[in-house]
Structure formats: structure tokens, C-alpha cells
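Below: the structure, in C-alpha cells.
There are 2 protein chains.
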Amino acid sequence: MTEEMQAEPKPAGLDGDPVEFAVMTEIGIISQLAENLFQSHLPKGMTVAQFSVLNHLLRLEVQETISELASAMQVTQPTMSSTVRKLEDKGLVELVHEQDDRRIRRVAVTAAGAGCRNNAVASLAPMAEILRQNMPPSIWRDILPQLNEIRVFLDKMRD
Amino acid sequence: MTEEMQAEPKPAGLDGDPVEFAVMTEIGIISQLAENLFQSHLPKGMTVAQFSVLNHLLRLEVQETISELASAMQVTQPTMSSTVRKLEDKGLVELVHEQDDRRIRRVAVTAAGAGCRNNAVASLAPMAEILRQNMPPSIWRDILPQLNEIRVFLDKMRD
DNA sequence: ATCTAATATATAGATATCTATTCTTATAGA
DNA sequence: TCTATAAGAATAGATATCTATATATTAGAT
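Those protein sequences? They're chains W and X, same order as listed.
Okay, so the first sequence: first residue is 5 according to our numbering, each after it adds one.
Okay, so the second sequence: first residue is 5 according to our numbering, each after it adds one.
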């Protein structure tokens, strides 16, 4: 996976790597840099994982089970169990039992949770602005369809 | 960062998110899916972090310090210290003291390490082939420059 | 020469994640 | 009705990472 030589003069990633590998390398690095940047602009004590749960539920205006959230966020169920419990400890979500099936508890964002997420979004706004001012929007728009296609394919591959 | 509405009909990411956010979401998911896929095809007991170190040193044909490796791999120095120690415990690398400056130890891949990496590369080959057969190469080639630009910018931003 | 600052690495403690297992509740079949 | 199986969620234990700090060695200044 790393030995194949291209005739091109070193693309972007590294030396003679095939282009798929170079893309994955860039994506991995971007993902890490973005996560760190993102984390550093969130309010104290709030992790990216926690923010993502609040944001997901509020944006879609739904209540979901822990398993549904785990699937949406691409983490395991115990991991999401832990994340949700931390949000619950801070009073940012409530777990409401389903009447029909008492195995199920749905995660509902509280008023405090909504406020907390809005604060976080506000903290993030300047960063988004910097991105927008320093990079032409076309850079993002042009690659989104391809990224989506790659994501969908990788998602199909896991079984 | 998530409330702004676009006139477009839901790009790829999610609802009304700005395009930068949608791209970052896709990149985060792809990174995780790829890491999992990658990990599942590596030989038993070898992590992505460990493979990356072997691959980096062998591909560039160099010996680097732990700090240099940490910087290259975008992890902290203690993390790289731990990764290198695991490789050392398995006899896949050796830490050679610098004569001039005895604070410095350079990480050198052993013959066993090179063999191990070649095995890993072979295990990975079928996966790379599947990618190549199912997605047109243009998908990867077209987005590499933009990804590179994003990565370089994010890299500049951390200070 | 000796003290101070800088550099390379290691250690300690905390956290977020994973896999494997257990617990609770619901459903289906005998 | 009773039992077996399934499904949602929690717990236990392991690991990889992080931040903060300590140790060892070198370089520079007075």
C-alpha cells in the first residue's frame, strides 16, 4: 500500500504513496487538527463528544436512545452511555423512560443543555469566521460531494 | 456555527450547517471509519500508531528522535514515547544513543521491524485494491490539493 | 569553573475510548 | 404460564491518549 510509485512529482501527502493513501493521510491529520482546534474553543469542561450530542439532538429536534446516538456519532454504545451520563450529571440532558417499553430511555436536552449548547456555538463563531475569511468557500464546496461519496463507501464496507 | 441557513437543498453533511462544518463532519467520520478499517486489517497486536512509525521511518529511510516522530505524527511526545517503547519491547525498533549529545536517542527500525512492516503492508494490499476498484481515481486526485490547503491552514492556526 | 537555561526523554495521573460481559425488560413459542 | 431468546443499557477491565511534572544532559554566561 505504500510501495507503488507514481510518475507525478510528489502530490501532497508523502513521497510515492498512492493517491488514496495520501488523501487518507491528509484527512487523518485534518481531523485531528480540527478536533483540537474545536476542543480548545469549547467552554471549560465540555468535550467535543458532549457538544456533538447536544447539537445533534437540538438541530434535529428529536429525542433519541443511547444506541441511536452511538450509531449516529460512530462510537460504541458503552462510550455513548458514558458521554450521556456526563451530560446527565451536569443536568444538560434528561433520560426519560419509554412508557411502552421500559428498556428504552430517550435522551432529552434540558433548558440548561440548550443554553449550554448556544454558548458553545457562540464561542465557536469567531473560529468559523476566521476559516471563512482565510479560505475561499469554493475549497469547501468543491470537495464535499467527493468526501460524501468516500464516506458512504467506507460506511458500506464495514460488516 | 450551526444555525446559518443555506439556500441549497441540504448539501451532504446535515441540514443547515455551513459548508465548512459539513466538510469537517465528513472528514471526521471518514477519518474514524478509515482508522477502524485500517486497524482491522493490521496483524494482531499492531496498532495504527505503531505501524505508522515503522512505515514513516522505512519510507523515508531515516532515523528520527522521539520528538521528531511525535511532531510528524501529530501526537504529544509522551504518547510517542509510549508507542516507541512498545515497538522496542517487541524488538521492532532500537533506540541508539547519539555520541555527541547523550540526551538524544534515535529510533532505528530493526530487521524484524522491517519484516513486520512488510507483512502489514501485504495485509493492507487487498483493502487498497478494493478501494481502487470501487471508486474512480479522480475522486481522490481531485480533492487532494484542497485537502492539502486546508491542512496547511489549520496547521498554521495552532499557536 | 559554576550556575542557569534549554533540550530530550520519562513518569504520574486523568480521561475517553474500546471489547466483553452482565443486568433488565420484552417478546414468542411450548 | 413458563421458558428461551432478543434487545437496550450498564458495568468491568484494558488501552491509548492527554496534561503536568520530573530527570538527565548539554550549552551558555558570568
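Backbone N, C-alpha and C define an ideal beta-carbon position, used for all residues, glycine too.
For this session: Return the chain-ordered list of same chain residues with a C-beta closer than 8 Å to the C-beta of W:T69, the five sequence neighbours on each side being excluded.
Result: Only I108, R109, R110, V111 meet the Cβ criterion.
Exercise. Using a C-beta to C-beta distance shorter than 8 Å, which residues of chain X count as neighbours of W:M50?
Worked result: Here the premise fails: no neighbours, minimum Cβ distance about 14 Å.
For this session: Could you tell me the distance, in whole angstroms, from the CA atom of W:G95 to the CA atom of W:L37?
Result: Cα to Cα, the separation comes out at about 30 Å.
Problem set entry | For X:A112: DSSP bridge partner residues | Per DSSP, X:E98.
For this session: Measure the CB-CB distance between X:R145 and W:V156 and report whether it falls below 7 Å.
Result: In this structure, X:R145 keeps its C-beta atom at 7 Å or more from the C-beta atom of W:V156.
Problem set entry | N- and C-terminal bounds of the alpha helix (DSSP H) containing X:V23 | 23 to 44 is the span of the alpha helix (DSSP H), which, as asked, contains X:V23.
Exercise. Are the C-beta of X:V23 and some C-beta of chain W separated by less than 7 Å?
Worked result: Answer yes: the Cβ-Cβ gap between X:V23 and chain W drops below 7 Å somewhere.
For this session: Express the C-alpha separation of X:G32 and W:I31 in angstroms, rounding to a whole number.
Result: Answer to the nearest angstrom: the Cα atoms are 8 Å apart.
For this session: Could you check what DSSP says for W:E65 in three-state terms: helix, strand or coil?
Result: If DSSP states are grouped into helix, strand and coil, W:E65 belongs with coil.
Problem set entry | Alpha carbon of X:H60 to alpha carbon of W:A132, nearest angstrom | Whole-angstrom Cα-Cα distance: 33 Å.
Problem set entry | DSSP three-state assignment for X:K48, whether helix, strand or coil | In this structure, DSSP gives X:K48 a state outside helix and strand, which the three-state scheme calls coil.
Exercise. Taking the alpha helix (DSSP H) that W:T87 falls in, what are its first and last residues?
Worked result: Residues 81 to 93.
For this session: Would you mind sorting W:A116 into buried or exposed? The rule is 16 or more other CB atoms within 10 Å of its CB.
Result: Exposed, because fewer than 16 other Cβ atoms sit within 10 Å of the Cβ of W:A116.
Problem set entry | Close Cβ partners of X:H101 (< 6 Å) along its chain, the five nearest in sequence each way excluded | Closer than 6 Å at the Cβ level, and outside the excluded window around X:H101, lie R109.
Exercise. In chain W, which residues lie less than 7 Å from X:N138 when you measure between Cβ atoms?
Worked result: What X:N138 touches in chain W: F157.
Exercise. Taking Cβ-Cβ distances shorter than 7 Å, what residues in chain W pair up with X:P141?
Worked result: V23, listed in chain order.
For this session: Determine which residues of the region 67 to 99 of chain X have a Cβ less than 8 Å from any Cβ of chain W, and write them out in chain order.
Result: Here the close residues are Q78.
Problem set entry | Contacts of W:G32 in chain X (Cβ-Cβ under 8 Å) | Annotation: Cβ neighbours of W:G32 in chain X (cutoff 8 Å, chain order): S35, A38, E39.
For this session: Taking X:L62 and X:A118 to be in contact with their CB atoms under 8 Å, please state how far apart those CB atoms are, rounded to whole angstroms.
Result: X:L62 to X:A118, Cβ: 6 Å. Contact.
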